[in-house]
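Just so we're aligned, residue 0 is where the sequence shown starts under numbering that gives the first Met the number 0, counting upward by one.
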Amino acid sequence: MTNSGKPDGLDPVDRRIVQELLADARITNAQLAEKVGVAPSTALLRTRQLTERGVVSGYHAEVNLAAIGRAVQALISVQLNGHNREEIDRFTSRVPALPEVVATYHVSGAVDYLIHLAVADTDALRDWVLDYLTTDPVVGHTETTLIFNRMEGNAGLLPGEG
0 MTNSGKPDGL DPVDRRIVQE LLADARITNA QLAEKVGVAP STALLRTRQL TERGVVSGYH
60 AEVNLAAIGR AVQALISVQL NGHNREEIDR FTSRVPALPE VVATYHVSGA VDYLIHLAVA
120 DTDALRDWVL DYLTTDPVVG HTETTLIFNR MEGNAGLLPG EG
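Listed below in structure tokens is the structure:
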């Protein structure tokens, strides 16, 4: 336990700041201070401390991928042929850096990686899999699952903990 009494070290003010930033990362410091019930200087200091501690890891814009010509999204399961460190390093340095890749997840279970891809259409999806995965000698098997809809979950504090 930390001195805040919570295992994560967040006191109620920190938790409110995190909740408000999750709701609107573009909120001004003055608005944040008002919503949390602290002085603007306190809000600014606490937000900086949360960032320095790694609790707040960034602020970003979310882009509608379909609106920028990347309407087809898929999750591609990748099973590697072997687990040679050199081949894994080559795969993990190359694939996540490709412009069509939204995210790459190293996972446990029957597959080794899940790749979240966003491309213009199904022809581009097919070509991407052929060009970047099936021709890679370290890749043993792939399975492509189309994403029809994404439903947000809770990426922040658990309910009842705020």
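Just so you know, even glycine gets a beta-carbon here, dropped at the ideal spot from N, CA and C.
Bear in mind that the values here come from a model prediction, so they are computed numbers and not experimental data.
Note: VAL71 is bridge-paired with VAL118 in the DSSP secondary-structure output. Contact between GLU99 and LEU116 holds: CB atoms are separated by about 5 Å, below the 8 Å threshold. For ASN63, same chain residues with a beta-carbon under 6 Å away, outside a window of 5 residues either side, do not exist. Nearest to THR91 by C-alpha distance, out of SER107, ASP111, ALA73 and LEU74, is ASP111. VAL37 places its beta carbon less than 9 Å from that of VAL12.
THR121 is a Cβ neighbour of VAL71, given a cutoff of 9 Å.
Listed in chain order, the beta strand (DSSP E) elements of length 3 or more contained wholly in the stretch 32-67 amount to none.
Residues GLU19 of the same chain have their beta carbon placed closer than 6 Å to that of LYS34, with the five preceding and five following residues left out of the count. Distances from the CA of ARG45 to each of LEU9, PRO136, ALA66 and LEU74 were compared; the closest alpha carbon is that of LEU9. Taking C-beta atoms as the reference points, TYR58 and ALA32 fail to come closer than 9 Å. Collapsing the DSSP output to three states places SER92 in a helix. Contact check for VAL17 against ILE87 fails: the beta carbons are separated by 9 Å or more. Per DSSP, GLU151 has no beta bridge partner at all. The C-beta of LEU124 has 16 or more other C-beta atoms within 10 Å across all chains shown, which makes the residue buried.
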